[in-house]
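This report refers to the structure that appears directly beneath it.
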Amino acid sequence: MATQAEKAETGRAPINAVVAMVHVANAERSVEFYRRLGFEVGNSVPRQGGPMHWAWLYQPKAPDWKTGANLMLTVGQEDIRPGSHSVLFYLYAANLVEIRNQLLAQGIEVGEICYPGYLPEGEFRTSDPDGYTLMIAQAGKETP
Amino acid sequence: MAESGEALSGSAPLAGLVPMIYASDVQRSIEFYRHLGFAVNNKVEDKGTLTWAWLQNGKASLMLARSARPMNSGAQDFMLYMYSPDVAQYRAELEAKGIKVGPMQYPFYSPRGEFRIEDPDGFTLFVSHAD
Numbered sequence: 237m238a239t240q241a242e243k244a245e246t247g248r249a250p251i252n253a254v255v256a257m258v259h260v261a262n263a264e265r266s267v268e269f270y271r272r273l274g275f276e277v278g279n280s281v282p283r284q285g286g287p288m289h290w291a292w293l294y295q296p297k298a299p300d301w302k303t304g305a306n307l308m309l310t311v312g313q314e315d316i317r318p319g320s321h322s323v324l325f326y327l328y329a330a331n332l333v334e335i336r337n338q339l340l341a342q343g344i345e346v347g348e349i350c351y352p353g354y355l356p357e358g359e360f361r362t363s364d365p366d367g368y369t370l371m372i373a374q375a376g377k378e379t380p
Numbered sequence: 004m005a006e007s008g009e010a011l012s013g014s015a016p017l018a019g020l021v022p023m024i025y026a027s028d029v030q031r032s033i034e035f036y037r038h039l040g041f042a043v044n045n046k047v048e049d050k051g052t053l054t055w056a057w058l059q060n061g062k063a064s065l066m067l068a069r070s071a072r073p074m075n076s077g078a079q080d081f082m083l084y085m086y087s088p089d090v091a092q093y094r095a096e097l098e099a100k101g102i103k104v105g106p107m108q109y110p111f112y113s114p115r116g117e118f119r120i121e122d123p124d125g126f127t128l129f130v131s132h133a134d
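If you're matching them up, the sequences are chains R and E in order. Quick note: the first sequence uses the numbering used here, first residue 237, plus one each step. Quick note: the second sequence uses the numbering used here, first residue 4, plus one each step.
Below you can see the structure in the form of structure tokens.
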């Protein structure tokens, strides 16, 4: 990202983090998918027994889970409409090629690695079980 | 969050996850998110129209992308949670700036309070307390 930075406001940032909460059709199914990307369930409702209707996913290997990748899942009350989502997610990988190979080996459909001008170190596309687009990009000096 | 699990050895495969939300007017959304404390770190224009922007608020990141189709504010399939060090003060500041903020609520998972706002495209933002 950030090459054309505006002058940051002085003082403490009023927001520590932004975490997306996406509606999914089946939380267990989504958890299984996101485990393949290194996520694990940090919290859920209910915590034990019964199907989950909410879950917090985090990266257990992150030095500090609060500043790593986080995502919330909630079972939607309405039908999920793949193809008409109004959000997508950028995931910044420590090793783009390795994570793509791991996903391929697990039978996940992934796109080819592209090298657009805004991400010369590469990115590829995949989607989760509810059709949310995940763009997986190589982490670098100017990305998370 | 959370009851965290034991950290495993090795490095995390992902260093971050940043939502990129569609906006009908990126400039209009930038102005809104400025009120929330976000600054533009990077942006892309096409023939004088902003098509993409990276917003930063401390360690919190968000991308905006111009939508090629009409937005349907009643059919959003996600929401964004924002974590503030002082949720009551932040709410008061937003209200003073003329942002329409919801009442403070105290659900079990957010005992020090959270409130709701909507961005210009109708996306739901919840502001809760950090820690």
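We treat Cβ as the ideally placed atom computed from N, Cα and C, and that holds for glycine.
I'd like to know whether the C-beta of E/S14 is nearer than 8 Å to at least one C-beta of chain R. Yes, contact with chain R.
Per DSSP, cross-strand counterpart(s) of E/Q59: E/A42 and E/S64.
Out of E/F35, E/D28 and E/Q30, which has the shortest C-alpha to C-alpha gap to E/K100? E/F35
Within 10 Å of its beta-carbon, does R/E396 have 16 or more other beta-carbons around it, so buried, or fewer, so exposed? It is not possible to answer for residue 396 of chain R, since the shown part of chain R is limited to 237 through 380.
Note down, in chain order, every chain R residue with its Cβ under 7 Å from the Cβ of E/M107. Residues of chain R passing the Cβ test: none, with the nearest at roughly 16 Å.
Bridge partners for R/A291 per DSSP, in chain order? R/S280 and R/L309
Locate the alpha helix (DSSP H) running through E/Q92, then write down its first and last residues. V90 to A99
Quick check: the segment 26-42 of chain E against the segment 51-71 of chain E, are there 3 or more CB pairs under 8 Å? yes
For E/P110, count neighbouring C-beta atoms within 10 Å of its own C-beta (all shown protein chains included) and say buried if the count is 16 or more, exposed if not. exposed
If we cut at 8 Å on Cβ distances, does R/A263 have a partner in chain E? no
Within 9 Å of chain R by C-beta, residues of the segment 60-73 of chain E in sequence order: N60, G61, K62, A63, S64, L65, M66, A68, S70 and R72
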